[in-house]
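According to the working numbering, the residues represented by the sequence shown are 1212 to 1470, in order. Note that CB positions come from ideal geometry on N, CA and C, so glycine has one too.
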Amino acid sequence: MMHIVQVHGREAEQAFREAKFAVVPLGSIEYHGPHSPLGTDLLLAQGFAERIDPALRPLLYPAIPYTACPGKTTDYPGTIAVPPDTFHQYLAAVLDGICRTGLRRILLLNAHDGNIGASRTVAEEITGRWKDASLLLVNWWQMAAVDAPEKLGLFTGTTGRGHGGPYEMSAVKALHPELVEVRKEDEELAAPPPLSSLPYVLVEGTPRGWNGYTGSIRQISLEAGEWIAGEVSGNLNRLLARWLEGGGTGPEGSGSGSA
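Below, the structure is given as structure tokens:
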């Protein structure tokens, strides 16, 4: 894996020529519950970026840690929320700088639900400016089937999805086992059932079953995390290979739901 921060100035032009695409991980610094690190999204974005197959010739850029955060986490300890327009301008400048190196394919590897809208808007802006650019926005949690862990018996009575819940935190545990710690005093929460099986967006300041996180956190496990991490990494690398080969370039619908 080639990292831009380790490339010497005299080797920069060669590095840009040899790389097939740039990788920009998108995270956040945000409260994910007492059992979870504040850098959960950053760790996931960086962790899955490091699992990209080196044979695909990625050039890995530093993760972007600061971004807009929703009102429901803003007042919890440790959350750093950047105004959406500031994040938009910053990300656009970063991507424009990458395009100026000659790289025209950029993977935005996202681990924060709040980055989805702004990242899509910025990608449209950049491709309007650089007509030969191709930007791929991937939300890591959409690289595995929603119901698979429950069907496999890794979770019971839940898909595990939800902010700070067993799906997301099991994935963190697979990457950094020492950073996830559920204690007996930590509250087990149950998010309300979905309103529909069809995609929708519901924004609330204080959702039901919420205390800065949600989910059956006692179902967090290394076993579930290793399955999730393996499934996500495998599907991501297959997607990247198709993208680089020029396959599947049409505007296909994206999945829904959050980690």
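Own chain residues within Cβ distance below 8 Å of residue i, not counting five before or after
{"i": "residue 1217", "result": "none"}
{"i": "residue 1249", "result": "1240, 1241, 1242, 1243, 1289, 1290"}
{"i": "residue 1413", "result": "1406"}
{"i": "residue 1349", "result": "1318, 1319, 1320, 1321, 1447, 1450"}
{"i": "residue 1253", "result": "1236, 1238, 1239, 1240, 1274, 1276, 1322"}
CA nearest to the CA of residue i, picked from the options
{"i": "residue 1383", "options": "1214, 1235, 1256, 1234", "result": "1256"}
{"i": "residue 1223", "options": "1348, 1445, 1313, 1324", "result": "1313"}
{"i": "residue 1344", "options": "1371, 1231, 1329, 1380", "result": "1231"}
{"i": "residue 1431", "options": "1412, 1279, 1228, 1381", "result": "1381"}
{"i": "residue 1372", "options": "1436, 1393, 1329, 1287", "result": "1436"}
{"i": "residue 1245", "options": "1354, 1375, 1237, 1283", "result": "1375"}
{"i": "residue 1296", "options": "1229, 1348, 1277", "result": "1277"}
{"i": "residue 1279", "options": "1261, 1324, 1446", "result": "1324"}
{"i": "residue 1438", "options": "1414, 1362, 1457, 1398", "result": "1362"}
{"i": "residue 1401", "options": "1393, 1330, 1418, 1302", "result": "1418"}
{"i": "residue 1274", "options": "1366, 1265, 1251, 1268", "result": "1251"}
{"i": "residue 1367", "options": "1300, 1253, 1428", "result": "1428"}
{"i": "residue 1398", "options": "1235, 1378, 1420, 1415", "result": "1420"}
{"i": "residue 1433", "options": "1235, 1365, 1395", "result": "1365"}
{"i": "residue 1331", "options": "1354, 1311, 1300", "result": "1300"}
{"i": "residue 1342", "options": "1311, 1351, 1233, 1282", "result": "1311"}
{"i": "residue 1234", "options": "1329, 1269, 1212", "result": "1269"}
{"i": "residue 1267", "options": "1416, 1253, 1229", "result": "1229"}
{"i": "residue 1457", "options": "1265, 1346, 1254", "result": "1346"}
{"i": "residue 1293", "options": "1265, 1220, 1329", "result": "1329"}
{"i": "residue 1378", "options": "1285, 1219, 1351", "result": "1351"}
{"i": "residue 1212", "options": "1395, 1284, 1264", "result": "1264"}
Contacting residues, own chain, Cβ-Cβ under 7 Å from residue i (five flanking each side not counted)
{"i": "residue 1214", "result": "1271"}
{"i": "residue 1440", "result": "1382, 1385, 1386"}
{"i": "residue 1326", "result": "1237, 1278"}
{"i": "residue 1393", "result": "1246, 1428, 1429, 1431"}
{"i": "residue 1444", "result": "1259, 1262"}
{"i": "residue 1287", "result": "1242, 1423"}
{"i": "residue 1282", "result": "1416"}
{"i": "residue 1284", "result": "1241, 1242, 1290, 1423"}
{"i": "residue 1226", "result": "1213, 1218, 1270"}
Residues bridged to residue i (per DSSP)
{"i": "residue 1237", "result": "1275, 1321"}
{"i": "residue 1347", "result": "1318"}
{"i": "residue 1270", "result": "1213, 1233"}
Same chain, Cβ closer than 6 Å to residue i, neighbours up to 5 away in sequence not counted
{"i": "residue 1302", "result": "1333"}
{"i": "residue 1370", "result": "1357, 1358, 1361"}
{"i": "residue 1354", "result": "1443, 1446, 1447"}
{"i": "residue 1298", "result": "1278, 1279, 1329"}
Residue i CB to nearest heavy atom of the ligand SAH below 7 Å
{"i": "residue 1416", "result": "Judged by which ligands are present, the structure shown has none, so any question about the ligand SAH falls away."}
> So, do the segment 1312-1324 and the segment 1424-1434 have three or more beta carbon pairs nearer to each other than 8 Å?
Replying inline: No, they do not touch.
> Curious, which full-length beta strand (DSSP E) runs of at least 3 residues does the segment 1276-1324 contain?
Replying inline: Given a length threshold of 3 residues, each whole run of the beta strand (DSSP E) inside the segment 1276-1324 is given here in chain order: 1316-1321.
> If we count Cβ pairs, one from each stretch, closer than 8 Å, do we get three or more for the segment 1335-1348 versus the segment 1379-1396?
Replying inline: Segment contact: the segment 1335-1348 against the segment 1379-1396, fewer than three CB-CB distances shorter than 8 Å; contact not assigned.
> Are the segment 1396-1410 and the segment 1446-1455 touching, with three or more C-beta to C-beta distances below 8 Å?
Replying inline: Output reads no: the segment 1446-1455 does not touch the segment 1396-1410.
> Are the segment 1357-1372 and the segment 1299-1310 in contact at 8 Å, needing three or more beta carbon pairs?
Replying inline: Touching, no.
>> Just to confirm the assignment: which complete beta strand (DSSP E) runs, minimum length 3, are found wholly within the segment 1399-1459?
In response: Segments of the beta strand (DSSP E) lying fully in the segment 1399-1459: there are none.
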